[in-house]
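Written out below as C-alpha cells is the structure these notes cover.
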Ligand SMILES: Nc1ncnc2c1ncn2[C@@H]1O[C@H](COP(=O)(O)OP(=O)(O)O)[C@@H](O)[C@H]1O
Ligand SMILES: Nc1ncnc2c1ncn2[C@@H]1O[C@H](COP(=O)(O)OP(=O)(O)O)[C@@H](O)[C@H]1O
Ligand SMILES: Nc1ncnc2c1ncn2[C@@H]1O[C@H](COP(=O)(O)OP(=O)(O)O)[C@@H](O)[C@H]1O
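Residue numbers (UniProt numbering), protein chains in the order written: chain D, 1 to 476; chain Z, 1 to 476; chain P, 1 to 476; chain Y, 1 to 112; chain C, 1 to 112; chain U, 1 to 112.
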C-alpha cells in the first residue's frame, strides 16, 4: 500500500525487462482496458500475494491471539482467544460487505478524499475478471486477490485493540464496537492513506487519491492505518473502561510466556506477508521490505534485552519478544523505503522509547493498558512513521520515492528532502491520533452508555472464560 | 482438483495473454510432447503449488493434531498426536509406493473408471522430466510437484478419521487400518473423482476419466474424497469400536482448548493451500478459491457462535472454532466455483446443521463420535457438496464450468442447470457414503476380529499415552 | 547452495524453454552485466525464495525453540526459548554486518578459498539493484533476497548448538560464543562449501570457489555447514561445560512433549524452505528436493518408531518426531540430488543409527548432550553427507551433477562415479569435524576461562528461567 | 469433629462424591496428589532413558464431619472407591479441634 | 501447637497473607485445591455437552502456630477471607504433636 | 498412628523417598505446594512490573506410620532433606485416629 510517489531503481529495471519479454505490447500502455490488464498479471505476483494474505491471517490467528493470550491470567485465556478469533471473522464479513467499497473506491461519495462510496458494496462489480493496480505501470493483480489481502489488514487492526482492555470487556459490546469502529474509523483511514487511482491512471486524474496520500505521507505497510490507529483506540478504550479489579495491587503475571513467545514468533514470520506483501509484487523492492523487516526486528529485540540488562540486570524473554514486536511495528511504514542498515538503527531506537512508556510512564500515569497496546503499537508506530521520513531518503541509502504524476512513473531522487518529509509524516501522525482518538472515544462512550462495556465485578473475578463463554482453558 | 468441465472467464483471459507473451508457439498445442510441456511450466505456478503442499502438511501437523489433541483428556494427548504424526508418515510412503499410481493412472487396469493401474508403482516413469496437466490448456506442472501436493491430501484424510474413536483405539491396529483403507477406499475414490486425461488430451479421449468425474460431479478441492469419505469412515469406526469407558456418564471436558484453537487456526491458514492450491495454478481463479474459503469460514464461525448465543446464552470459543472448521469443510468442494457472497450464505447455513448433529442428534442416537468427525466433516461435507451445485451457477455469480470436450476448452455458461447439477451432486454424495461406509465397515470388522481394535479397559483408563506409548504429555 | 557441478535434465529443459519465451536475447549470455541481470529475474523465483526465507525463520522460531523447549524441565523452558530467540536476533545483525561479506565474496582476502573479504561489510555494494547468481545460466535473484535467505541459515545453525548444553549455560557467555563462533567457524564453513562465481562466470574463473566446493563435495542444502558443524560444536560444548547437576541420577523427563511435537512439525514444514529453497529457483528440481524431503522424513519417523517397537515394545511420539528430525537432517545434503525411492531408503537407514547414539552410546560414554544435538544432527548429518554420494548417482535415479566449467553448463551423467564421490564426501565430513570441532573447542575454552560458561549450582537448581531471566514460564 | 482424608484413584472421584452426598455430606475439598506405594507406575522411556517411577496420580479428598458421621463416611468412601485392584488407596481419620465458616463466622458442627 | 487449615477463595490469598504477617506468622504453606460445597461452579458447555460441576477452584492455606496464637490466626483469617458471599470457605484447626525445622533440626515452637 | 507431614525442597524428594524406603516405609503421598517463609523467592519482572513474591515451590510429603516409627521417620526426613540452606522446610507430626486400606478394608497399622 502506499503513497503519492514511491519505489526504486530496481523496480524500474525490472519493469523494463518485463516489457522486453512481453512482445504483446510495445511500451507501457496508459490507462489499459480490463482486457489488457488481464494480460498484465504475473503468476509469481499472484502466488506471492496469496501467500502473503495467508501469512497476515496467521499473524492474527493464532499469532496475535497467543501473544496476547499468554499474557493474561489463565481464567481469561479463552476470552482473549475468542475475541481475536471472532473479530477476525466479523471483520472479514464486514470487509466484503461494505468495507472494501468504503476504502477502495472514490466514486459516488460526497468526500472522495475521506471515504469511498458504495459502488462495490457486497463486492458488486468485483469478480475474477476485474483487476487492481500495483505500484508499477502496467502490472496488475486479480482484484479479488487484492481484496483478500487487504481484508487481512482489516481483520488484525481491530484485534490489536483488545489487548488494551483485556480481562474486563463485555464480549457482545466488543463485537458491536468493532463493527462500528471499522466502519467509522478504519475504512476512512485506509481510504485516506492508501487509496489512489493507480500508476497508469494518476497522471490523468492527479487528485483521485485519499487525503493523506495526497499530502505525500509515506506509509509503506500501515504504520498509521494499523498501528497508530489501533494503539490510540486502545488507550482511549482502556481509559473509558477503567482498570481491572485488583489492578495494580494484585499481582497479574502472564499465565504462559510460552504462548506469548509462540505468538510473537508467528507475528514475526507472518509480518513478512504484511510488510513485503504490501509491495503488491514479487520483485527486488519486495526483497528490500523483507530484509528491512528482518533486521529491524532483530535489532529491536536485542535492544530491549540490553535495556533490561542495564536496568535490572536480567534480560527477559518477554522483553525480547516485546522488543521484536516494537521493531516490527516501527519498520512497518518504512519497510520498502529504507535500507537494511538504517532499519537496524530504527530497531535499536524504538525499543528504549517503548520501554519507557511500558515500564515507567504507564505506571506513573496509572492507566491500565493491560497488554501495552498503546506503549508498543501506538508509540512504536509513531516512532516508525516519523523515522520513515528519514530512512526513505536516497541520501541514506533509502529507496526514495517514485513520481507517479508523470507517465510512466519515474524515479525522483533529487527532490527528496528529509525535513519536508518528516514534517509531512508528523502531520499524518497527528491527524491519525486526533481522528482515531476522538472518533474511538465517542464510539466507546456511546456503547458504554447503551449496551455497557464492562462485565460485573463477580464475572470479572471469576474470569471471563467461564462467565462469558462457559468454558475453561485447561483441564489437566 | 476437479471435474468434467470447469473454470471461468478470467482463466480464459489470462491464458490468452500468456500465449501472447510466449512466442515459442503460435496457439495452443493439442496433446503436447513432454519436451513441449517442459516449456509450458510457469515458475509462479510451481512456487504456489509447493507452498500449498507445505500448507496442507501444516494442516495435519501440527494443525489437525492439535485441534484434536486439545479436545481429549490429557492422559490421551500424546496418543492423538502420535496417531496423526504416524498416519502422515505412513500415508506418505504408501502414496509414492502405490497410491499415486492407483489414483492417477488409467492404463493397465481392468476398471479404468474405478481405479488406476500399477504403471507408476514406486514412482516408476515419474521424474523431474515428466509433467502433470493443470486445468488450463498448455499449462503444466512438474509431475513430482503434483505428486507431492496430492500426497498431502492422502496424508490428512485418514488422519481426520481418528477423531471419531479417539481415546480408545489400539495403535498398531490403527496403522494397519490406515494402510488398507487408503488402498481400498481412498485411492479409488481419488481416482473416481479427480482422475482425467487433462485439457489438452480429453477432446481425443473423452472417456479417459474417473467415474464421478464422468458423471460431471463438481468437487473443487475434495469434499467427497476427503471429508465425506473420512467422516463416514469415522462414524462406522466409532460404532464398531464402541463407546469410551465411562461415556457419557463421566465428564470428559477438553484438556486444552488453547491447543484446539491453535490447531483450528492453523487448519484455517493451511486450508488455503488445500482449496486454492487445488486450482493447480496461481491465477484469478486461485484468488476466487482463496477469498471464498476466507469468507465462508468467517460466516460459519459467526453463525455457530450465534447459534450458541441463542441456544444457551453464551458463545464459546470451541463453538467458534468448530464453526470455522465446518465452514472450511463446506466450502471445500465449492471453493473455486462459487462467489464470495454465496460462499458467505453457505457458511451461515452449514453451522446450524452441524450443530444439530453434534449437540443434539449425537446425544439422542447415543454413538460416541469423540471429536465429532461425522457431525462436522461428513455432514459439513454433504452440505457443501450439494450446495456446490447451486453456488457454481453463473446465474448466482458462480464460476460455472468449462467444456473440456472441445479443444481448446471453452467456457460454457448457457448450459448450466442448477437442478441437474444438484442431482448429480447428490448422486456423488450417496455413492461416496455407500462406497466408503460399507468398505470401511468391512475393513474395521476384519481388523477387529483379527488384531483387535481396542486396548484393554485398564490401558484405556490409565490413558493411552502411558499404556501405548510409555510417555506422559506434561511434567510441569 | 552448492557444489562444483550440479543439477539435472529437467533444469536444462526448463532453462531452454525460458530462453525461448524471452525474446530479449538470442541465447545465454556469458557474464551478463548488472543491467542484463535485471532482466533475468523471475517473479516466481523471488516469491519462492522469500517464502522459503520465512519458512526457515519459522524453523528457528518457534519451531526449534519449541522442539528443544518441550524437552527440558519447566524451570528452564524460558531460558531455551530466550536463547534461540536471541541467537536468531544477534545472528541476523552479525550476518548483515560482516557475515555475508565473509561468506559470499572472494575479493580482497588473503585466503579466497577459505573465507571472503570485507568488500560487502555492512552490505556495502549490495542494494535493490544488485543480483545474485542461481544454479542456472542467466537466471538471477535480487541480491537482497539471497542475503536474507542465507541469513536464516546463519540464524538457525548456532541455535541448534544450544540443545547440547541446555539447562546449564550462562546466557551472556552463550551470546558471546555465538558471535565469535559465527565469525570464526560458520562464515568460513559457508564460504568453503557454498561460495562460487556462478554459472555464467565460472568457466572464465574456474578457481573462484570455496575449498570444499572445489573438491567437488556435494551438499545441496547444508548437511556439513549446518548440521555436522552445529552437531560437533554441541558435543564439544557439552563436554567442556560438563553434566547437569543431578545427571544422570535425577529423572529429567521432558516437561511438555506437546511443545516438542509442535516444534518438530514446524521444523518439518519449514524445512521445505531450507531444502527446496536451497535450489534458489522454483522449478522441477525444487520439486525433487521437496518430495525427497517429504518422503525421507516419513521413512525416518516410521523407522524410529519401529526400532522402539522392537526394542521395548512401544513406539513413542518422542521417538517418531526425533526420527523425523533425523530424516530431515539426513536428506538435507541430498535433497535435490537423489530420487524419492532412494531418499526413503536413506530415511529408513538414518534412524537406527541415530537411535544407537542417542539411546545407547551416549549413556555408555556418559556425556550429557541434553537434547541429543550430536546424536541427531551430527550423526544424522554424517550419514546424509556420505549417502549423498550414493543417491546422487544417475544410475540410481539421482539427479547427477552439472558441469559448470563449460558454458553454458551441461549435464554430465557419464562421468559420475559413486566411489569417487563417496570418498570426496567423507573427506568433506572429516574436514568439517576437525575444523569445527577444534575451532569450537578453543572458543568454548577461552570463554570458559574468561567470562565463565556456567551459572552457579544454586542458579541451575532454581532453574535458569528465574535465575537468569527473572521470569516463570507458567502461572496457571 | 473428624477430618477424613482419603487417597483414591482419580476415576473414582465421582463415585465417592455421590456416596458422600447420599450421607448428607455437604462439602469436601479435593486435591491432585501423587502416590508412592505398592502400585507401580508405568515405565516411561524418553529416547531410550527409562524412568521407572513408582509415582501414580491420585486424588486426595478431605472431608470434615462430626464424630458420629465419621465411621459412615469412612465406610462409604471405602466402598465407593474400591475397585479391588492394588493402588485403590487409603483412608486416614484425624481429630479436628475447631471448624469455622468464613462467611458467617459460625463455628463447630454448624460450620460444616 | 495447632495446624490451622483454611480453604479460601483464590483472590483472597493476598489479604490473608498480610493479615497473618501482621500477627507475626512467619511462614505458611499454600496449595491449589478444588472445593465442593454450597457454592456451585459455572456450568460448562462443550459442543452442547453440559458439565454442571460443583467444583470450584480454592486455595488451601496451612499454618502451624503455637496454641496461644491459634485463635487469633483463625480470627484474622476469617476476617481477611470474608467476602460475605457463599463459598468463602472454612477454617479447621488440628493438633500438632511435633514440629521440626529441617535446616537446623530445631523442634517445637522454635521451629516455626 | 502418626501423620508425618514434611515440606521440603523439590529436588530433595528422591533423597527423602530413599531414606524412608530404607526404614521400611511402603507408601507416601506427595503434593506440589507453594511455601511462604524466611526464604524469599526470586523477584519476577514482567515489562517493568516487579512481583517480589515470597512464594517458593515446595513439595509436601505425607506419610502415615505407626507411633514407634514416627520419630525415626522424622529424623530420616530431616537428614535427607537438609541442605543447610534457608528454606529447607519443616516437618509436622499429627495424630491419626484410624487408617483403612480401601482395597481390602483392613484397618489400623496393617492398612499402611
Ligand atoms: N503410609 C502411607 N502414608 C501416606 N500415604 C500412603 C501410605 N501408603 C500408601 N499411601 C497412599 O496410598 C496409595 C495407594 O497405596 P498402594 O500401596 O499403592 O496400594 P494399596 O492401597 O492397594 O495398598 C499410594 O499411592 C499413596 O498415595
Ligand atoms: N465438610 C467439609 N470438609 C472439607 N471441606 C469443606 C467442607 N465443606 C466445605 N468445604 C470447603 O469449603 C468450601 C466452601 O464451602 P461452601 O459450602 O461452598 O460455602 P460456605 O463456606 O459459604 O459454606 C468448599 O468449596 C470446600 O472446599
Ligand atoms: N508456620 C508454618 N506453617 C506451615 N508451613 C510453614 C510454616 N513456616 C514455614 N512453613 C513452610 O516451610 C517452608 C520453609 O520455611 P522457611 O521459613 O522459608 O525456611 P526454614 O525452613 O529454613 O526456616 C516454607 O516455604 C513453608 O512452606
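For each residue, glycine too, the CB sits at the ideal point set by N, CA and C. Bear in mind that the values here come from a model prediction, so they are computed numbers and not experimental data.
Start and end of the alpha helix (DSSP H) containing residue i?
i                      : result
residue 72 of chain Y  : 70 to 81
residue 188 of chain Z : 187 to 194
Using 10 angstroms around the beta-carbon of residue i, count the other beta-carbons present and answer buried if the total reaches 16, otherwise exposed.
i                      : result
residue 78 of chain U  : buried
residue 35 of chain D  : exposed
residue 67 of chain Y  : exposed
residue 249 of chain P : exposed
residue 26 of chain U  : exposed
residue 476 of chain D : exposed
residue 12 of chain U  : buried
residue 417 of chain P : exposed
When DSSP builds the beta bridges, which residues end up paired with residue i?
i                     : result
residue 5 of chain C  : C/62, C/92
residue 73 of chain P : The partner list for residue 73 of chain P (beta bridge, DSSP) is empty, contrary to what the question assumes.
Have a look at residue i and residue j and give me their C-alpha separation to the nearest angstrom.
i                      : j                      : result
residue 118 of chain D : residue 333 of chain D : 28 Å
residue 21 of chain D  : residue 41 of chain D  : For residue 21 of chain D, the predicted model reports a pLDDT of 41, less than 50, meaning its position is unreliable and no value from the coordinates is stated.
residue 479 of chain D : residue 239 of chain D : Residue 479 of chain D falls outside the range modelled here, since chain D spans only 1 to 476, and no answer is possible.
residue 173 of chain Z : residue 64 of chain Z  : 21 Å
residue 54 of chain U  : residue 16 of chain C  : 14 Å
residue 432 of chain Z : residue 392 of chain Z : 21 Å
residue 106 of chain U : residue 28 of chain U  : 17 Å
residue 312 of chain D : residue 111 of chain Y : 49 Å
residue 101 of chain U : residue 69 of chain Z  : 36 Å
residue 190 of chain Z : residue 319 of chain P : 32 Å
In the DSSP assignment, the beta strand (DSSP E) including residue i goes from what residue to what residue?
i                     : result
residue 46 of chain C : 44 to 46
residue 51 of chain Y : 49 to 51
residue 39 of chain C : Taken as a continuous stretch (DSSP letters only), residue 39 of chain C belongs to no beta strand (DSSP E), as it is neither H nor E.
Counting Cβ pairs, one atom from each stretch, are 3 or more of them under 8 Å apart for the stretch 86 to 95 of chain U and the stretch 3 to 12 of chain U?
yes
Taking contact to mean 3 or more Cβ pairs, one atom from each stretch, closer than 8 Å, check whether the stretch 286 to 294 of chain D and the stretch 134 to 147 of chain P are in contact.
yes
Decide if the stretch 375 to 393 of chain D is in contact with the stretch 318 to 338 of chain D; the criterion is three or more beta carbon pairs, one per stretch, under 8 Å apart.
yes
When the Cβ atoms of the stretch 464 to 475 of chain D are set against those of the stretch 75 to 92 of chain D, are three or more pairs found closer than 8 Å?
yes
Is it the case that the stretch 48 to 66 of chain Z contacts the stretch 155 to 167 of chain Z, given that we only count it when at least three CB pairs across the two stretches are under 8 Å?
yes
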